[in-house]
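Going by this note's numbering, the sequence shown opens with residue 113, and the numbers climb by one from there.
Glycine included, C-beta positions come from ideal geometry on N, C-alpha and C.
Please read all numbers here as calculations on a predicted model, not as lab measurements.
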Amino acid sequence: MNLIPTPPPTYFDWFNHLRFAGNDQIRKDRAASFFAGLLLLLLLPQRMALAGNDSFEANCEKLMGPGKVAVVYLDIAPAEDSSRTARALQSVSGKTGDAYHNVYGLTHAEPEFRYEFRTRQWTSTDGRTCMVPDVSVKLGFAAMRVYLARELDDSCRRNIVREHELEHVSAWRSHFRIGARMLEEPLRAAFSQPRYYASQNQARSDSRPWVEGILQPLQQHLMKGVIAAHRAIDSPVAYQRVTQRLRACPERPREYREFR
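Structure representation (structure tokens):
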């Protein structure tokens, strides 16, 4: 059996082998580049959206700035009224069911918590809107009146009851004066940055709920403090102290048991 020797590979055989092997690697590289590019294209809108959001919010904060806040207290001098009887004052006070207590003094206040706001907005080309409010608050009283019963016909008793009622006046005025100063910091913090919305309509519809949602709890907290102060002024110990002073007045017509 004769064996036919296999001729050694020629230069062209080696060249073709290398050419085909090179083409496979190129195909792999091209495929990898294609998928990398496709992934980049898929992620590009998300990255652009994130960058757009960052740019939008940065522009908003730069253009809008924090909301402006102004809180003022408007003082009032109380009026005095001695035209009503003790029974009439007792009816006004709501203590008509207590026959053993007389109301010889009463302080009536009409507190006011007024506010105004104006919004500043900026809208991007795609309709997104940012908004921040400028808020002004005025604390004060529409009226304040001290009632002294007509039966207080001597200066000793009248002055004692008046002093007691002026404690209520002082509580109203001091709480509102201090409250005006204390409101500024939480309001500035609440409106320090704009809010962001998908449209101008959303921004407009949220403006009042945003402002009132911040102001109303602060107003309620202020009123709770005033009510607590009035209760302390009208405590049993305070009543006893006033009664003792009234008893020291000459010619006391009858016992004074309660004052508001």
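- DSSP places Thr355 inside the alpha helix (DSSP H), whose first and last residues are 348–359.
- Along the length of the region 281–330, whole beta strand (DSSP E) runs at least 3 residues long occupy 307–309, reported in chain order.
- Ala221 and Ala170 have their alpha carbons spaced roughly 47 Å apart.
- Here the alpha carbon of Tyr185 sits roughly 6 Å from the alpha carbon of Arg289.
- With the rule of 3 Cβ pairs closer than 8 Å, the region 345–357 does not count as touching the region 248–267.
- If you draw a straight line from the Cα of Cys242 to the Cα of Ala344, it comes to about 47 Å.
- Considering only Arg196, Val183, Val247, the residue with the shortest C-alpha distance to Ser304 is Val247.
- Bridge partners of Lys250 according to DSSP: Val184, Arg226.
- Here Arg274 has Glu192, Gly217, Val258, Leu260 as same chain residues with Cβ atoms under 8 Å from its own Cβ, once five neighbours each way along the sequence are excluded.
- Between the alpha carbons of Glu296 and Phe225 lies a gap of roughly 14 Å.
- Nearest C-alpha to Lys250 among Val183, Lys336, Val204, Pro306: Val183.
- Between Thr231 and Ser286, the C-beta spacing is not below 8 Å.
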